[in-house]
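Accompanying notes for the structure given below.
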Ligand code: MEV
């Protein structure tokens, strides 16, 4: 029997990396789908070139559903991989949905997110669970590791431009690098975590009350914290400066960094055009409305 499933791209607005260490973070799903078609086959294979890690993550998810046979997994998506837009989470969610359908199971988004987490563990080693949660449901959330996400009602839709540096970030290594900084400089790191937690709480209020100007400032501050834990790159700094020079209210890394994407907040839909134009001569850009 052929079955299908879908997961969505995501963006982290505040708190990536620190969320792995225990703070809250804020993220939203994006309307860019990743579709999976699962067809019984002679061997486990995928229709596009991927590494062994994708096969390993797939095997783990299929086994968890009691599907121990082999399959051709066909992936169809415009989400770039290694870009901080949640390719691995969207894939793990889509495959979990397809596997559930193959078993005739109807699952809540929460159960799907739990199965997808198994894939994320293979991809990322120590995931917080925010990516698979965002990919399996719609909307913006406040997230803390091990707790149910809290939906955020936005006071006004957010207009965001996402610029991809074209370089791949390896989440597993970046997360491990941040953990090493915590181990080597615990006082410095705990102070940053305290600041990040306060920032995320304030950002949630700004989202709810449509205080975009302050929200932008908080994005800039959050970017500074991410820089301090070593996940920025020359290209990411370039995206952030171009965005700020062209009227972004705030700009920051989104996701694991080390390459991948940065996001810029526009005052309204009209201002996204200036940002898109300024960034598109050097980078691959996506426009996103959140809420
Ligand atoms: C990656 O999208 C977000 C990180 O915080 C990792 C995680 O939360 O699992 C870097």
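In this note's numbering, the protein residues as written are -1 to 289.
Even glycine gets a Cβ: it sits at the ideal position worked out from N, Cα and C.
Note that the structure is a prediction, hence the values are computed from the model and not measured.
In DSSP terms, what residue i is bridged to
{"i": "residue 5", "result": "32"}
{"i": "residue 27", "result": "8"}
{"i": "residue 43", "result": "70"}
{"i": "residue 287", "result": "157"}
{"i": "residue 162", "result": "259 and 282"}
{"i": "residue 125", "result": "According to DSSP, residue 125 bridges with nothing at all."}
{"i": "residue 37", "result": "70"}
{"i": "residue 138", "result": "26 and 150"}
Buried versus exposed, by CB contacts within 10 Å (16 or more), residue i
{"i": "residue 257", "result": "buried"}
{"i": "residue 54", "result": "exposed"}
{"i": "residue -1", "result": "exposed"}
{"i": "residue 78", "result": "buried"}
{"i": "residue 8", "result": "buried"}
{"i": "residue 268", "result": "exposed"}
{"i": "residue 155", "result": "exposed"}
{"i": "residue 172", "result": "buried"}
{"i": "residue 266", "result": "exposed"}
{"i": "residue 106", "result": "exposed"}
{"i": "residue 232", "result": "exposed"}
{"i": "residue 93", "result": "buried"}
{"i": "residue 290", "result": "This structure leaves residue 290 out entirely; the chain is present only between -1 and 289."}
{"i": "residue 278", "result": "exposed"}
{"i": "residue 260", "result": "buried"}
{"i": "residue 59", "result": "buried"}
{"i": "residue 95", "result": "buried"}
{"i": "residue 46", "result": "exposed"}
{"i": "residue 141", "result": "buried"}
{"i": "residue 202", "result": "buried"}
{"i": "residue 250", "result": "buried"}
{"i": "residue 61", "result": "exposed"}
Continuous beta strand (DSSP E) stretch holding residue i: start and end
{"i": "residue 375", "result": "Only positions -1 to 289 of the chain appear in the structure, and residue 375 is not among them; the question remains open."}
{"i": "residue 205", "result": "Note, residue 205: premise wrong, no beta strand (DSSP E); alpha helix (DSSP H) at 184 to 207."}
{"i": "residue 143", "result": "Careful: residue 143 lies outside any beta strand (DSSP E) and carries neither H nor E."}
{"i": "residue 249", "result": "248 to 252"}
{"i": "residue 149", "result": "148 to 150"}
Local conformation of residue i per DSSP, three classes
{"i": "residue 168", "result": "coil"}
{"i": "residue 48", "result": "coil"}
{"i": "residue 131", "result": "helix"}
Boundaries of the alpha helix (DSSP H) in which residue i is found, first to last residue
{"i": "residue 264", "result": "Here residue 264 belongs to no alpha helix (DSSP H); instead the beta strand (DSSP E) covers 259 to 264."}
{"i": "residue 81", "result": "Here residue 81 belongs to no alpha helix (DSSP H), and DSSP marks it neither H nor E."}
{"i": "residue 239", "result": "232 to 243"}
{"i": "residue 13", "result": "Careful: residue 13 lies outside any alpha helix (DSSP H) and carries neither H nor E."}
{"i": "residue 212", "result": "210 to 226"}
Proximity below 8 Å, CB of residue i to CB of residue j
{"i": "residue 151", "j": "residue 206", "result": "yes"}
{"i": "residue 44", "j": "residue 73", "result": "yes"}
{"i": "residue 15", "j": "residue 176", "result": "yes"}
{"i": "residue 139", "j": "residue 149", "result": "yes"}
{"i": "residue 255", "j": "residue 224", "result": "yes"}
{"i": "residue 318", "j": "residue 169", "result": "This structure cannot settle anything about residue 318, because the visible part of the chain is limited to -1 through 289."}
{"i": "residue 133", "j": "residue 87", "result": "yes"}
{"i": "residue 27", "j": "residue 137", "result": "yes"}
{"i": "residue 97", "j": "residue 65", "result": "yes"}
{"i": "residue 120", "j": "residue 264", "result": "no"}
{"i": "residue 99", "j": "residue 1", "result": "yes"}
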